[in-house]
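Protein chains in written order, with the working numbering: chain A, 59 to 264; chain B, 59 to 264.
We treat Cβ as the ideally placed atom computed from N, Cα and C, and that holds for glycine.
Values in this document were obtained by computation on a predicted structure and should not be read as measured data.
2 protein chains.
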Amino acid sequence: MSDKTGEIRPENEGKRRVRADAQRNLDALLQAAMAVFATAGVDAPVREIAEKAGVGIGTVYRHFPQRSDLIVAVFRQEVDACADAAPALAAAHDPGEALTRWMRRYVDFIAAKRGLGAALHSGDPAYEALPGYFKDRLVPALQSLLDAAVTAGVVRAGFDPVDLLRAAAVLASPSQDMGPEHGRRMVDLLVDGLRYGARLSPPPPA
Amino acid sequence: MSDKTGEIRPENEGKRRVRADAQRNLDALLQAAMAVFATAGVDAPVREIAEKAGVGIGTVYRHFPQRSDLIVAVFRQEVDACADAAPALAAAHDPGEALTRWMRRYVDFIAAKRGLGAALHSGDPAYEALPGYFKDRLVPALQSLLDAAVTAGVVRAGFDPVDLLRAAAVLASPSQDMGPEHGRRMVDLLVDGLRYGARLSPPPPA
DNA sequence: CTTATATACGGAACGTTGTTCCGTTTTTTA
DNA sequence: TAAAAAACGGAACAACGTTCCGTATATAAG
Numbered sequence: 059m060s061d062k063t064g065e066i067r068p069e070n071e072g073k074r075r076v077r078a079d080a081q082r083n084l085d086a087l088l089q090a091a092m093a094v095f096a097t098a099g100v101d102a103p104v105r106e107i108a109e110k111a112g113v114g115i116g117t118v119y120r121h122f123p124q125r126s127d128l129i130v131a132v133f134r135q136e137v138d139a140c141a142d143a144a145p146a147l148a149a150a151h152d153p154g155e156a157l158t159r160w161m162r163r164y165v166d167f168i169a170a171k172r173g174l175g176a177a178l179h180s181g182d183p184a185y186e187a188l189p190g191y192f193k194d195r196l197v198p199a200l201q202s203l204l205d206a207a208v209t210a211g212v213v214r215a216g217f218d219p220v221d222l223l224r225a226a227a228v229l230a231s232p233s234q235d236m237g238p239e240h241g242r243r244m245v246d247l248l249v250d251g252l253r254y255g256a257r258l259s260p261p262p263p264a
Numbered sequence: 059m060s061d062k063t064g065e066i067r068p069e070n071e072g073k074r075r076v077r078a079d080a081q082r083n084l085d086a087l088l089q090a091a092m093a094v095f096a097t098a099g100v101d102a103p104v105r106e107i108a109e110k111a112g113v114g115i116g117t118v119y120r121h122f123p124q125r126s127d128l129i130v131a132v133f134r135q136e137v138d139a140c141a142d143a144a145p146a147l148a149a150a151h152d153p154g155e156a157l158t159r160w161m162r163r164y165v166d167f168i169a170a171k172r173g174l175g176a177a178l179h180s181g182d183p184a185y186e187a188l189p190g191y192f193k194d195r196l197v198p199a200l201q202s203l204l205d206a207a208v209t210a211g212v213v214r215a216g217f218d219p220v221d222l223l224r225a226a227a228v229l230a231s232p233s234q235d236m237g238p239e240h241g242r243r244m245v246d247l248l249v250d251g252l253r254y255g256a257r258l259s260p261p262p263p264a
């Protein structure tokens with residue numbers, strides 16, 4: 059599992075404990091921001107998030123000195139949640155089903171990030187570290203599911219998780235021509251492609 | 059709404075002419091906007107464009123009621139310029155060379171549009187008509203060059219201009235991982251792919 | 001429990017944006 | 001040349017991200 063959101067660094071040397079209200083507000087802010095970003099996109103006003111969290115504007119900027127810091131925090135939290143879903147799914151389903159379900163989980167995660175792709179490519183240095191974190195957490199998650207599925211013989215070997223994540227992200231990113239359904243279908247098709255010609259081949263999809 | 063006197067209509071030229079200073083300012087604005095957008099991206103402040111054009115802010119909004127209208131106008135102007143380059147290149151070079159040069163022209167056009175792709179996918183209805191205009195002007199331009207090259211036997215047939223434009227646009231769009239050189243090289247490679255196995259096959263590229 | 005103080009809080013205030021409004025200036029026309 | 005229509009310029013407004021600081025409060029010490 060990943061760190062709790064507001065934890066203090068490991069080598070915290072005997073300073074005061076984090077105040078309870080501070081921790082509470084930080085959690086409320088992350089939760090409010092997640093909801094607002096999903097509804098109104100990452101360009102939503104900071105004041106709206108503060109209000110939804112029941113907190114003053116100053117408090118937002120105490121925890122997140124810049125608006126982008128809040129976006130980054132929410133993004134990392136959701137990346138963590140997505141990565142942590144992999145072992146859970148692997149434990150609850152057979153390898154093929156686990157892979158399929160995780161990819162759908164990933165697609166939903168990407169699709170909800172309206173406007174974030176734009177922010178990433180805006181050149182703002184605040185988002186520089188995000189792609190790295192993205193890979194560090196998600197590639198191992200997918201890798202493990204992929205390995206299990208290959209070992210079980212339900213998908214072919216030889217595919218790079220990075221390529222799959224990138225392709226799925228592009229397919230799942232919403233645009234004005236195509237709705238979110240399109241992304242889901244195309245990624246399902248992609249996974250079917252992995253299955254094609256595997257050792258244990260089920261009947262071809264309709 | 060208020061239609062006490064006839065508005066300026068395409069077929070109606072008996073009414074007042076467009077004032078000379080208005081036309082001059084409109085041209086200056088388009089030119090200034092093009093320069094500023096190329097330098098600072100499409101998010102550049104309106105005041106900066108007004109100043110560069112030697113014009114007040116009110117004048118900008120007289121010609122372009124919304125900021126996005128100015129972006130759209132510049133975009134359409136540059137799409138036109140890119141489309142109009144096709145017949146000129148076709149007249150000045152052999153079909154293969156014309157195709158190559160036009161694709162490079164197109165890549166430069168796309169690469170200079172930093173931030174516009176983001177605006178397009180922002181869901182703002184102001185940009186709804188842009189992709190349609192894009193296709194209407196650029197697809198015929200590329201189609202003609204492609205047909206000529208196929209007839210001359212220097213590229214293979216059977217490629218959809220829409221697919222090529224889309225692929226080249228994606229390849230040429232600058233991102234933080236890869237510089238503009240990457241896009242140019244990949245599109246050159248794409249065009250080399252069109253050449254592969256043509257009737258008149260030149261020696262393979264280095 | 002009381003007190004002291006580091007910490008966190010709230011929201012007014014600042015600078016920058018897109019956009020609107022209207023008095024003034026300029027061009028066109030009679 | 002003078003009236004009218006059109007366009008101009010920039011002050012003014014609203015909304016945004018961000019900063020600042022007086023006030024409130026949780027925690028540690030006595």
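Distance between phenylalanine 167 of chain A and valine 130 of chain A (C-alpha atoms, nearest Å): 14 Å
Compute every distance between the C-beta of glutamine 81 of chain A and the non-hydrogen atoms of the ligand ZN, then say whether any falls below 7 Å. Because no ligand of any kind appears in the structure shown, any question about the ligand ZN cannot be addressed here.
Could you check whether the Cβ of alanine 187 of chain B sits closer than 8 Å to any Cβ belonging to chain A? no
Beta-carbon of glycine 241 of chain A versus every beta-carbon of chain B: anything under 8 Å? no
With 8 Å as the threshold, decide whether the Cβ of alanine 176 of chain B is near any Cβ in chain A. yes
Helix, strand or coil: how does DSSP classify lysine 171 of chain B here? coil
Which residue from B:Ile115, B:Leu223, B:Asp205, B:Leu222 puts its Cα closest to that of alanine 215 of chain B? B:Asp205
If you reduce the DSSP assignment to three classes, tell me which class glutamine 124 of chain A lands in. coil
Our contact map puts leucine 196 of chain B next to valine 100 of chain B with C-beta atoms below 8 Å; I'd like the distance itself, whole angstroms only. Not a contact, Cβ separation roughly 19 Å.
Just the C-alpha distance for tryptophan 160 of chain A and alanine 102 of chain B, rounded to the nearest angstrom, thanks. 41 Å
Which of helix, strand or coil DSSP assigns to serine 202 of chain B: helix
The alpha helix (DSSP H) spanning glycine 251 of chain B covers which residue range? 238-253
Taking Cβ positions only, does serine 180 of chain B come closer than 8 Å to chain A? yes
Give a yes or no on whether the minimum CB-CB distance between glycine 114 of chain A and chain B is below 8 Å. no
Could you work out which residue in A:Gly154, A:Ala144, A:Glu109 is closest to alanine 210 of chain A when comparing CA atoms only? A:Gly154
Pull up the distance between the alpha-carbon of glutamate 186 of chain B and that of serine 180 of chain A, whole angstroms please. 21 Å
Where does asparagine 70 of chain A fall in DSSP's three states? Note that asparagine 70 of chain A has pLDDT 43, beneath the 50 cutoff, so the model's placement of it is unreliable and the number below is only indicative. In the structure shown, asparagine 70 of chain A sits in coil (DSSP, three-state: anything other than H, G, I, E or B).
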